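Residue numbers (my numbering): 2 to 213.
Virtual Cβ for every residue (Gly too), placed ideally from N, Cα, C.
Small disclaimer: the values here were computed from a predicted structure and weren't measured.
What follows is a single structure, written as structure tokens, with notes after it.
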Ligand SMILES: Cc1cc2nc3c(=O)[nH]c(=O)nc-3n(C[C@H](O)[C@H](O)[C@H](O)COP(=O)(O)O)c2cc1C
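Structure, rendered in structure tokens:
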């Protein structure tokens, strides 16, 4: 993005971190491929990026988080979730909503983790209708978390054939959208962090769905 002169020095020098959270534990998860691809967009926008794979934690269900050994795992998860400036939530659509795996992880996070942070949403569905329910349910959760959902969301249909062996989406338009949601999370996080509130609001309102 060539935003340097447009937004000024504070924008250029702000360091932002974007963490991707994958709501599927499957080794061959399409959601993981989608979130990984979207993080490229955030990286293009000079964000420091990290993929947080819930499959690498042995998180307990909420209510058991103070019992060992779950407790240390929850602490590790909270520490690695950290205090990023933006997050990408990716979830499979399961029975018309997002995954319990993702919901449990969100519920185990510190209450303030997502408050005032940027959030990009990605839903992945096996069916032809896509993951619209996942996206709208995650939006409701985001409201409760007091997070800012960026304008672009991504719904991927027919998950089994959505990505090639190289990890890139088969449909070029899906690839562009994934990169865009990643870019928006980084961009809005940077605007928010450096106090460009008017620009932040105007662009959030949709005047510039594609930043830069
Ligand atoms: C329990 C279960 C429920 C599912 N429900 C839906 C659904 O409601 N709509 C849909 O399009 N696909 C549904 N699927 C298919 C998944 O969305 C699809 O397999 C997706 O790729 C899983 O994500 P992952 O590859 O990241 O694990 C369901 C799959 C499972 C296992």
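Could you check where the alpha helix (DSSP H) with residue i kicks off and where it finishes?
i, result
"residue 52", "That residue, residue 52, is in no alpha helix (DSSP H); its beta strand (DSSP E) goes 49 to 54."
"residue 108", "101 to 109"
"residue 175", "173 to 194"
Give the secondary structure of residue i by DSSP, where H, G and I count as helix, E and B as strand, and everything else as coil.
i, result
"residue 17", "coil"
"residue 38", "helix"
"residue 151", "coil"
"residue 98", "strand"
"residue 201", "helix"
"residue 164", "strand"
"residue 22", "strand"
"residue 30", "coil"
"residue 68", "coil"
"residue 207", "coil"
What first and last residue would you give for the beta strand (DSSP E) that runs through residue i?
i, result
"residue 91", "87 to 93"
"residue 146", "Looking at the DSSP string, residue 146 is not in any beta strand (DSSP E); the run it does join, the alpha helix (DSSP H), is 133 to 146."
Please confirm whether residue i and residue j have their CB atoms less than 7 Å apart.
i, j, result
"residue 87", "residue 186", "yes"
"residue 85", "residue 129", "no"
"residue 132", "residue 156", "yes"
"residue 48", "residue 89", "no"
"residue 214", "residue 44", "In the structure as shown, the chain starts at 2 and stops at 213, and residue 214 therefore has no counterpart that could be examined."
"residue 176", "residue 34", "no"
"residue 52", "residue 105", "no"
"residue 135", "residue 181", "no"
"residue 148", "residue 189", "no"
"residue 46", "residue 184", "yes"
"residue 75", "residue 81", "no"
"residue 125", "residue 32", "yes"
"residue 137", "residue 93", "no"
What residues are listed by DSSP as bridge partners for residue i?
i, result
"residue 124", "92 and 156"
"residue 61", "DSSP, once it has assigned bridges, lists no residue as partnering residue 61."
"residue 75", "Answer is none; residue 75 lacks a bridge partner."
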